[in-house]
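Chains as they are written, first to last, in our numbering: chain A, 1 to 346; chain B, 1001 to 1366. Before any comments, here is the structure.
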Amino acid sequence: MSAPRRFAVLVAGFGSVGRALARAVAMRSKYIELRHAVQLKVVGVVDSRGAAIKPEGFTDYELLKLAELPRGGVSSFQGYGRPGLNAAEALELLSPDALAELTPANYETGEPGLSHVLAALRAGCHVVTSNKAPLVKAFARIMDEARRRGLSVRYRATVMGGSPFMEALLGVRSHEVVEVRGLLNATTNYVLTLMQERRIDMGTAVRHAQAVGVAEADPSLDLAGVDAAAKLVIISWTIGRPIGLEEVRRRSVEGLKLEELLGALARGKVVKQVAYLNPTRGEAYVEPVELEASDPLASISGTTNAVKVVTDATEFFFVGKGGGGVETAHSVLDDLIAVALGGGHG
Amino acid sequence: MASRACIVKIGGSLLVDARSYVESARNVLALASRSGCKPIVVVSAARGVTDLLIRASEGDEAALAAAKELYEDIARELGGTLANKVVEELGRLAMIVRAGVRDGATRDLVLSFGERISKLLMVAALEHAGARAVGFNADEILITDERHGDARVDFEMTRALLEKAKHSLEGPDYVSVIEGFVGRARDGSVTTLGRGGSDYTATALGALLGCDVYLVTDVDGVFTADPRLVPSARLVGLMDYGEAYEAALRGAKNTNPKAFEPLLAFPGPDVYVGSWRLMGTRITGKAGEVPEGPKLLTLRGDEITVIGRGMLRSAWASKFLESLETSGADVVEIRGGGSSLSARVRYPGELPKLLALVHDALLPRG
């Protein structure tokens, strides 16, 4: 048994995914060390107001206490807080092995995530991300930088955050992907399922989704299909047939009325927001669609995601959890372990 | 701190205000040091909160406000960063109630705040008492079936999670605190474990981790009969799992029999029941350690039950029936099994009087 390989990580972004990651590392560190011979150390955490840094790596206890801090509070962490310190500065101070980029997506500018990712690569750090925006804005540029430096960029947590879907997609690299069709947004699927099952209007369903943490305070990116569209873009780059976010035709579910959904149900159909990509035809959309009840996607409910992938050699249907904080954090953790063990490009 | 872990469950009757949280915290530390074990604390909701949240889950704004005020007051008094977290959680609770969706899953989610916030307060109280403490989330560790309101622990899944979380939960230099009564179903929804659910959480953790359990409440242990009905009732010093399960089944001490299922499935730990002052009753799984014979009696409606290993043996059974007859009761129906024997009776006087007579006959002092 080889001696465990020490792997230092800087975490940028400390919302629900960041906190869940800190907790997951704390609770699984021994298991990871024993099973994979990797000693994962979080050496810094950066949020919108500053950072907490510890070059030797936070202890399990410290990680659990960090996760208890109020939002924007890491710089007040006893003894290790650095108010105002940003991710680029932290990267320079710590020279970690990897950056976990978990800040919120901004599809206009890609910031602050894009700067974080590029700064990390330039500093010689691998990158693991759950933030789609940098990849949507600058996939090729990021991968070039990574390739030139022999670094890994992994992003399994960006699509179907609770499941290893990207692995499945990467597993068919010798195939030509003909069609990708599925339900890629947990929030929207949850809201539509709730409306149809409980016969409540969208306003109530969204408020409930927000209350239980499945929808953001501003759910428009999810409901309008931007999140799902971003995922299609990432999928398109991954299969080598890239499209831009603006090429994805979108129709929001926000306009849907309960009567319409119930009307569809009465005709034996289920309304879902379907994400579709056909690289050969150059067609991509995220739109509410009336599905036959027999369509496998029709029975996918709540926050579950599902995708059917058709290639020129095979097809598979992948069902899994969408990105809750804990599930996404585990995907990030798995990507970190993969990089530590010497995994290659995303 | 000691290397061996123990589960210490604190009942809601002991958690009333900031002072009592800190007092309980100090008592946990004292108990742990006396027993030489590293405590994993399981907390119930503060007294009265669960009932308030049940009403809140039905839309009762006044009940919601009362629960919020209760917890806000305690948080404010305890102070620290966790106080802010409590306020954040209470805000979330209000959002969920006001969103207006009423179903089993949402109800469970609303109820879970009672224990979850109590956990945050206990962590703050322990830190107040000078210890290091960390909160763990029951919904990340305790996996259950989907039966909202009365869920059953999925031992396989939970054991798998505990395997990995074990070294964190049993961390040597801090006290772990986890909320009782709450779990998570495979579909991701939060579940609650039913009446007495915190006891069930405690025994499930104890059984799966293989460590002793302390169920701390406001009485010194399990009594040979309800002391309010039988003045000569005294503490049952030692019982076995089967007896404890049957006692709970027959209505003793308001314990949910579910709490003993984990121990019957994964025997090993001792369960101590009592108060901070005295852990008066030990419940053991070791075969043969507990002698046969009656341990306690319960009265439910017109049925008197005597609990004890071997009660179905003719010597004990006839003693029971004899004492009923001698006391002037007519036995209408008998049933029994395992470690209990029950008799439905017709009695010309007050049933508690009959209970006391039978109690004194079967369990004479000295």
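For each residue, glycine too, the CB sits at the ideal point set by N, CA and C. Computed from a prediction, not measured in an experiment: that's the story for all the values here.
Nearest-angstrom Cα separation, counted from E260 of chain A out to I1007 of chain B
For the purposes of this step, residue 1007 of chain B is identified with residue 7 of the second sequence, where counting begins at 1. For the purposes of this step, residue 260 of chain A is identified with residue 260 of the first sequence, where counting begins at 1. Computed Cα separation, rounded: 53 Å.
Leaving out five residues on either side along the sequence, give the residues of the same chain with a beta carbon under 7 Å from the beta carbon of A26 of chain A.
Residue numbering aside, residue 26 of chain A sits at position 26 when the first sequence is read from its first letter. Excluding positions up to five away in sequence, the list reads D60, L63, L64.
Against chain A, with Cβ distances strictly below 8 Å, would T1144 of chain B count as a contact?
In the second sequence, counting from the first residue as 1, residue 1144 of chain B sits at position 144. Not closer than 8 Å to any Cβ of chain A, the Cβ of T1144 of chain B fails to qualify, so no.
Starting from H1167 of chain B, find everything on chain A with Cβ-Cβ shorter than 7 Å and list it in chain order.
Within the second sequence, the letter at position 167 stands for residue 1167 of chain B. Simply K30.
Among the candidates A:R49, A:A230, A:Q39, whose CA atom is the shortest distance from the CA of R424 of chain A?
Missing from the structure shown is residue 424 of chain A; chain A here goes from 1 to 346 and no further.
With 16 other CB atoms within 10 Å as the buried threshold, where does Q78 of chain A fall?
For the purposes of this step, residue 78 of chain A is identified with residue 78 of the first sequence, where counting begins at 1. Counting Cβ neighbours within 10 Å, Q78 of chain A comes out exposed, since fewer than 16 surround it.
What runs of the beta strand (DSSP E), each 3 residues or longer, lie entirely inside the region 78-155 of chain A?
Secondary structure in the region 78-155 of chain A: the beta strand (DSSP E) runs of 3 residues or longer, each lying completely within the stretch, are 81-83, 98-101, 126-129 in chain order.
Residues from the region 1152-1186 of chain B in contact with chain A, defined by Cβ distance under 8 Å
E1163, K1164, A1165, H1167, S1168, G1171, D1173, Y1174
Neighbour list for E68 of chain A in chain B, Cβ cutoff strictly below 9 Å:
Sequence index remark: in the first sequence, residue 68 of chain A carries index 68 (1-based). Here the neighbours are T1081, L1082, K1085, L1120, V1123, V1134, G1135.
Between A:A98, A:L183, A:E327, A:V45, which has its C-alpha nearest L341 of chain A's C-alpha?
One-based indexing of the first sequence puts residue 341 of chain A at position 341. Comparing Cα positions, the closest option is A:A98.
Flag T304 of chain A as yes when its Cβ comes closer than 7 Å to any non-hydrogen atom of the ligand SAM, and as no otherwise.
The ligand SAM is not among the ligands present in this structure, which contains no ligands whatsoever.
Give the single residue among B:L1120, B:S1044, B:P1257, B:P1269 whose Cα lies nearest to the Cα of G1080 of chain B.
Here residue 1080 of chain B is taken as the residue at index 80 of the second sequence, counted from 1. Here the closest residue by C-alpha is B:L1120.
Listed from N- to C-terminal order along the chain, which residues in the region 1223-1254 of chain B have their beta-carbon within a distance smaller than 9 Å of any beta-carbon of chain A?
none
Could you pull the start and end residues of the alpha helix (DSSP H) that W1139 of chain B belongs to?
Counted from its first residue, the second sequence places residue 1139 of chain B at position 139. Correcting the residue identity first, residue 1139 of chain B is Asp in this sequence and not Trp. Unbroken alpha helix (DSSP H) run through D1139 of chain B: 1138-1141.
What residue range is occupied by the uninterrupted alpha helix (DSSP H) comprising Y285 of chain A?
As a position in the first sequence, residue 285 of chain A is number 285, starting the count at 1. Per DSSP, Y285 of chain A belongs to no alpha helix (DSSP H); it is in the beta strand (DSSP E), 283-292.
CA nearest to the CA of A119 of chain A, picked from A:L135, A:A140, A:N106, A:E145:
As a working mapping, residue 119 of chain A is identified with position 119 in the first sequence. Ranking A:L135, A:A140, A:N106, A:E145 by Cα distance to A119 of chain A puts A:E145 first.
Please check if any C-beta of chain A sits within less than 8 Å of the C-beta of L1109 of chain B.
Against the second sequence, residue 1109 of chain B aligns to sequence position 109. At least one chain A Cβ lies under 8 Å of L1109 of chain B.
Who pairs with I1096 of chain B in a beta bridge, going by DSSP?
Residue numbering aside, residue 1096 of chain B sits at position 96 when the second sequence is read from its first letter. DSSP, once it has assigned bridges, lists no residue as partnering I1096 of chain B.
Nonlocal neighbours in the same chain, by C-beta distance under 6 Å from R1335 of chain B, ignoring five residues either side
Residue 1335 of chain B sits at position 335 when you count from the first residue of the second sequence. Hits under 6 Å: S1342.
Whole-angstrom distance between A1032 of chain B and P1039 of chain B, CA atom to CA atom
To locate residue 1039 of chain B, count along the second sequence from 1; it is residue 39. To locate residue 1032 of chain B, count along the second sequence from 1; it is residue 32. C-alpha separation (whole angstroms): 6 Å.
Just to make sure I have the definition right: I need the residues of chain A whose C-beta is within less than 8 Å of the C-beta of G1194 of chain B. Which are they?
Within the second sequence, numbered from 1, the residue matching residue 1194 of chain B stands at position 194. Within 8 Å Cβ-Cβ: nothing; G1194 of chain B doesn't reach chain A, min ~22 Å.
For M1001 of chain B and chain A, any beta-carbon pair shorter than 8 Å?
Numbered from 1 along the second sequence, position 1 holds the residue referred to as residue 1001 of chain B. Annotation note: pLDDT 43 at M1001 of chain B (below 50); position unreliable, coordinate value reported separately. No, M1001 of chain B does not count as interfacial toward chain A.
With a threshold of 6 Å on Cβ separation, who are the neighbours of R1116 of chain B within its own chain once the five nearest residues in sequence on each side are excluded?
Indexing the second sequence from 1 puts residue 1116 of chain B at position 116. Result list for R1116 of chain B: E1179, in chain order.
Interfacial residues, the region 4-31 of chain A to chain B, with Cβ spacing under 7 Å
A26, M27, R28, K30, Y31
Report the rounded CA-to-CA distance for P219 of chain A versus G1274 of chain B, giving the unit in angstroms.
The residue you call residue 219 of chain A lines up with position 219 of the first sequence. The residue you call residue 1274 of chain B lines up with position 274 of the second sequence. Distance between the alpha carbons of P219 of chain A and G1274 of chain B: 50 Å.
Could you tell me the boundaries of the alpha helix (DSSP H) in which Y31 of chain A lies?
Your numbering for residue 31 of chain A matches position 31 in the first sequence. That run of the alpha helix (DSSP H) goes 16-36.
Of all the beta strand (DSSP E) runs that stay within the bounds of the region 1030-1076 of chain B, which reach a length of 3 or more residues?
1038-1043
By the 10 Å Cβ neighbour count, where 16 or more other Cβ atoms means buried, how is E327 of chain A classified, buried or exposed?
Numbered from 1 along the first sequence, position 327 holds the residue referred to as residue 327 of chain A. Buried, by the Cβ-count rule.
Contacts that A1099 of chain B makes with chain A (C-beta to C-beta distance below 7 Å):
In the second sequence, the residue the question calls residue 1099 of chain B occupies position 99. By Cβ distance, chain A contributes T204, R207, H208, A211.
Measure the Cβ-Cβ separation of F316 of chain A and W237 of chain A and say whether it is below 8 Å.
Along the first sequence, read from residue 1 onward, the residue named residue 316 of chain A stands at position 316. Along the first sequence, read from residue 1 onward, the residue named residue 237 of chain A stands at position 237. Not a contact, by the Cβ cut-off of 8 Å.
If contact means a Cβ-Cβ distance below 8 Å, which residues of the region 292-315 of chain A contact chain B?
G302, T303
Inspect the beta-carbon positions of M1279 of chain B and Y1200 of chain B and report whether they are closer than 8 Å.
Here residue 1279 of chain B is taken as the residue at index 279 of the second sequence, counted from 1. Here residue 1200 of chain B is taken as the residue at index 200 of the second sequence, counted from 1. No, Cβ-Cβ distance for M1279 of chain B and Y1200 of chain B is not below 8 Å.
Inspect the beta-carbon positions of V1134 of chain B and S1176 of chain B and report whether they are closer than 8 Å.
Walking along the second sequence from the start, residue 1134 of chain B turns up at place 134. Walking along the second sequence from the start, residue 1176 of chain B turns up at place 176. It is a contact, given that the beta carbons lie within the stated cut-off.
What residues of chain B sit near K65 of chain A, judged by a beta carbon separation below 7 Å?
Residue mapping note: residue 65 of chain A aligns to position 65 of the first sequence, counting from 1. In chain order: V1134.
Using a Cβ-Cβ cut-off of 7 Å (strictly less than) and excluding sequence neighbours within five positions of E176 of chain A, which residues of its own chain qualify?
To locate residue 176 of chain A, count along the first sequence from 1; it is residue 176. Closer than 7 Å at the Cβ level, and outside the excluded window around E176 of chain A, lie T311, D312.
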